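Presented below is the structure to which this report refers.
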Amino acid sequence: MVEQNAIIKTINLNCFYDNLQVLRDINIEVYRNEILGIIGPANSGKTTFLRALNRLNSLNINYRQKGVIVFEGQNTQDIPDSLIRRKIGIIFAMPQVLPVSIYENIAYGPKVHGIRDKHRVEQLVEESLKKAFVWDELKDRLKTPATKLSGGQQQRLCIARTLAIEPDVILYDEPCSGLDPISTAKVEDTMSLLAQSYTQILVTNNTKQASRVSHRCAFFLMGELVEVDQTRKMYTHPSDPRTDDYITGKFG
Amino acid sequence: MRNKFGERVIETAIRFSGFAIIAFVILIFLFLLKDSLSLFRVYSFKRFILEQKWLPISEPPTFGIVPLITGSLLVTVGAIVICVPVGVATALYIAEIAPGYLKTILKSLIEVLASIPSVVLGFIGIIWLGPFVKNTFHLSTGMCGLTSVFLLAFMALPTIISISEDALVGVPRMYKEAAYGLGATHWQTLWRIVLPAASSGIMAAVMLGIGRVIGETMVVMMVTGNAPIMPKSILQPLRTLTATIAGEMGETVSGSDHYYALFAVGLILFIITFVLNFTAEVFLRKGRR
Chain A
108 MVEQNAIIKT INLNCFYDNL QVLRDINIEV YRNEILGIIG PANSGKTTFL
158 RALNRLNSLN INYRQKGVIV FEGQNTQDIP DSLIRRKIGI IFAMPQVLPV
208 SIYENIAYGP KVHGIRDKHR VEQLVEESLK KAFVWDELKD RLKTPATKLS
258 GGQQQRLCIA RTLAIEPDVI LYDEPCSGLD PISTAKVEDT MSLLAQSYTQ
308 ILVTNNTKQA SRVSHRCAFF LMGELVEVDQ TRKMYTHPSD PRTDDYITGK
358 FG
Chain B
2 MRNKFGERVI ETAIRFSGFA IIAFVILIFL FLLKDSLSLF RVYSFKRFIL
52 EQKWLPISEP PTFGIVPLIT GSLLVTVGAI VICVPVGVAT ALYIAEIAPG
102 YLKTILKSLI EVLASIPSVV LGFIGIIWLG PFVKNTFHLS TGMCGLTSVF
152 LLAFMALPTI ISISEDALVG VPRMYKEAAY GLGATHWQTL WRIVLPAASS
202 GIMAAVMLGI GRVIGETMVV MMVTGNAPIM PKSILQPLRT LTATIAGEMG
252 ETVSGSDHYY ALFAVGLILF IITFVLNFTA EVFLRKGRR
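So the protein lines, in turn, are chains A and B.
Remember, our numbering sits 107 above the position in the first sequence when you count from 1.
Remember, our numbering sits 1 above the position in the second sequence when you count from 1.
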C-alpha cells in the first residue's frame, strides 16, 4: 500500500562534491500529496538532497552521485533534464524573480515548454496566480516589473511561476529564510492549501516551521538520514535521541 | 600634525589628477574648435557639412565632408555587422559553454588579438586580403571598403568579446537557476535569460567597438584606396575621416584654409566618438543598476 503511494523514492543515494561526501546512503520515500519537512543543521546535506531530486546539482561540474532516484516508478536518469525539472519544480531560498514583468515571469515556464498559444498562456498565468493565492494582490499590476514586489510577494510569485509549468512535486529550499513572519505565514498557508493537489518537500532551518506545516518529517545530520516519521510523533516521541536534542535546541 | 599635512598633499595631488583629465578633454575640444572656426570664417559651415566634394587643392578649393563621413560610416556599419554577431557569440561561448581550460586559453588568445599593431593588419590587408577580395568580386582593385571592413571587424572583436563576456559572467546565478528550475534547457536559458539580462553591457561593448572602428586610422589608410569620392558601394575605394587627416596633414601649409579644414574634420570626428563613448557609458550604468 505504502509502496504504491510513493511518488519519489531514493535507493542508496550518495552524493559527492569532488571527494567530499555530502550524503550517505539515503533511503527515503515521499508519499503523494504529503508535505515532507526536512530539518537538520547546516551542512547536513538537506539542500543537496533536494537539488538531487530534480537534478539541479548536475549543473555543478564537480558533483557526482551514486544510487537511484525513482520518480513515478521510473529511474530519473532515464528522464530528460527539462522534463524532470518540469515535473519537480523548485522554490529557492531567495525569491528568484526574473528581471521582467510579473506576467512574463509566470509566462516564461509555459513558453519554454512550447506553449505558444497566447490565450492559453494568459489562462495559465491567471490560474497559477490564483492557485498561489496572489491573484487578488497582483491582478492589477501584471505589467509591473516583478523586482518591484515585496519579498513575500516575490516568493509567492515564484510559487505561482512553478505552478504554471504544472508540476507534480514542488521542492522548497528554505523558502521563508528571507521573509518576515507575516509573509512567512502567507507562504505556509499557501503550502497547506496546495497539499490537496501537489506533493511538497520543504527544507527548512526553522524546526517550528516544519512542525507547523509538514505531515511527515525527516531529520538529516552530517549527510545521514537519522529518521523519518509522522511530524507529530517526531516532535513528541522521536525514536532517535539525536533528533530530540536537535528539536529541543540542545545543538544545531 | 605631520600626518594631516601629508594627507592634504596626497588629497590635493589626487584631486589635481582628476581635474587634469577633465581639463585635457576640454582643452582638446577648444583647440579643435578654435582652428575649425578659422576655416568657418572663410568657408561656410553649411557648405562644409553639405558639399559632396572634397577637393582641397583645386582652385577654388571645396571642403565637403559628406564623402568622408559616408566613407567612415560605410566601413563602420560594415565592420559592426560582421563583428557584433561573431563577438557576442564568442563571448557567450567563453562565458557559458567552454570548459574551464579552454576558457583560459581563449581569453589569453583574445588579449593577443587585441595587441596586434594595426599596421600589421594593414600589411596583411595589402598583401593577402586585398587581392583575395579583388579576385572574389572581380574588382579592378582590392583596395576598397570591403577589405577594410574585414580588418576593422577583426580589430573591434577583442573589445566586443571581452566587454560582452564581462557582462555575461555578471548575470546573477539565480536567474540561470530559476530558468533551469523551470525546466528550461541550456540554450533556452542562454537565449531568453542570460542574453537579455546582459543586454545593456553588450550594447556598451558594441558602442565601444564602434568607437574603436571609427577612430582607426592606419588600417583604413592602407587598404581603403584613399579616394575621397562619394562611395556608391562598399566594393569601391573610399576614404574615411581619419585617413583624410593623417594623409593630408603632412602636405598642407600651416595656417592655410586646407590646414584648418583638417582640424574641422578632426572636430567632427571628436564629436562622433564623444557621443559614442557617452552612449556606451549610459548603457553600462544602466546595466549596473
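Positions of the beta carbon are idealized from the N, C-alpha and C atoms, including for glycine.
Given the structure is predicted, the values throughout are model-derived calculations rather than measurements.
query: The beta strand (DSSP E) with residue 326 of chain A in it runs from where to where?; result: 323-328
query: CB residue 121 of chain A to CB residue 194 of chain A, shorter than 9 Å?; result: no
query: May I ask you to verify whether the region 174-194 of chain A touches the region 263-270 of chain A, counting CB pairs closer than 8 Å and requiring at least 3?; result: no
query: Do we get a CB-CB distance below 9 Å when we pair residue 263 of chain A with the residues of chain B?; result: no
query: Run through the DSSP bridge pairs and tell me what residue 171 of chain A is partnered with.; result: A:123
query: Tell me where the beta strand (DSSP E) around residue 123 of chain B begins and ends.; result: No beta strand (DSSP E) holds residue 123 of chain B; the alpha helix (DSSP H) holding it covers 119-125.
query: Tell me whether the region 315-323 of chain A and the region 238-248 of chain A touch, counting them as touching only if at least three CB pairs, one residue from each stretch, are closer than 8 Å.; result: no
query: What does a CB cutoff of less than 6 Å around residue 108 of chain A pick up in its chain, not counting 5 residues either side in sequence?; result: Reliability fails at residue 108 of chain A, whose pLDDT of 35 lies under 50, so the model's placement of it is uncertain and the value that follows must be treated cautiously. Nothing listed; no residue qualifies.
query: Taking a cut of 7 Å between CB atoms, which residues from the region 171-182 of chain B lie near chain A?; result: 175, 176, 178, 179, 181, 182
query: Pull up the distance between the alpha-carbon of residue 110 of chain A and that of residue 85 of chain B, whole angstroms please.; result: Bear in mind that the predicted position of residue 110 of chain A carries a pLDDT of just 45, short of 50, making it unreliable; the figure below should be weighed with that in mind. Each residue's Cα considered, the two are about 57 Å apart.
query: Excluding the five sequence neighbours on either side, which residues of its own chain have a C-beta within less than 7 Å of the C-beta of residue 112 of chain A, listed in chain order?; result: 138, 139
query: Within 10 Å of its beta-carbon, does residue 177 of chain B have 16 or more other beta-carbons around it, so buried, or fewer, so exposed?; result: buried
query: Taking the runs of the alpha helix (DSSP H) that are 4 residues or longer, which of them lie wholly in the region 258-295 of chain A?; result: 258-271
query: Can you name the residues of chain A whose CB is closer than 7 Å to the CB of residue 323 of chain B?; result: In the structure as shown, chain B starts at 2 and stops at 290, and residue 323 of chain B therefore has no counterpart that could be examined.
query: Which bits of chain B does residue 196 of chain A rub up against, with CB to CB less than 9 Å?; result: 182, 183, 184
query: For residue 45 of chain B, does the three-state DSSP call read helix, strand or coil?; result: coil
query: If you pair each beta-carbon of the region 198-216 of chain B with each one of the region 37-56 of chain B, do three or more pairs fall below 8 Å?; result: no
query: DSSP puts residue 104 of chain B in a beta bridge; with which residues?; result: Paired residues: none, contrary to the question.
query: Closer than 9 Å, CB to CB, is residue 285 of chain A near chain B or not?; result: no
query: How would you write the range of the alpha helix (DSSP H) that residue 332 of chain A sits in, first residue to last?; result: That residue, residue 332 of chain A, is in no alpha helix (DSSP H); its beta strand (DSSP E) goes 331-337.
query: On the three-state DSSP scale, how would you describe residue 202 of chain A?; result: coil
query: From what residue to what residue does the alpha helix (DSSP H) around residue 243 of chain B run?; result: 242-249
query: Measuring only between beta-carbons, confirm whether residue 53 of chain B sits less than 9 Å from chain A.; result: no
query: According to DSSP, is residue 303 of chain A helix, strand or coil?; result: coil
query: Express the C-alpha separation of residue 10 of chain B and residue 1 of chain B in angstroms, rounding to a whole number.; result: This structure leaves residue 1 of chain B out entirely; chain B is present only between 2 and 290.
query: Using beta-carbon positions only, say whether residue 150 of chain B and residue 79 of chain B come within less than 9 Å of one another.; result: yes
query: What does residue 189 of chain B touch in chain A if you count any residue whose Cβ is under 7 Å from its own?; result: 219
query: Can you tell me which of the three DSSP states residue 131 of chain A falls into?; result: strand
query: Report all residues from its chain with a CB closer than 6 Å to the CB of residue 77 of chain A; omit the five preceding and five following residues, and keep chain order.; result: With chain A covering only 108 through 359, there is no way to say anything about residue 77 of chain A.
query: Closest by CA to residue 114 of chain A, which one among A:338, A:307, A:358, A:311?; result: A:307
query: Go ahead and pull the three-state DSSP assignment for residue 17 of chain B.; result: helix
query: When the Cα atoms are used, what is the spatial distance from residue 170 of chain B to residue 336 of chain A?; result: 44 Å
query: Cβ atoms of residue 195 of chain B and residue 122 of chain B: under 9 Å apart, would you say?; result: no
query: Cβ atoms of residue 69 of chain B and residue 55 of chain B: under 9 Å apart, would you say?; result: yes
query: For residue 142 of chain A, collect the residues of the same chain with a Cβ closer than 7 Å to its Cβ; drop the 5 residues on either side in sequence, then sort them by chain order.; result: 298, 302, 307, 309, 320, 321, 322
query: Taking the alpha carbon of residue 52 of chain B as the point to measure from, which residue in B:283, B:229, B:161 has its own alpha carbon closest?; result: B:229
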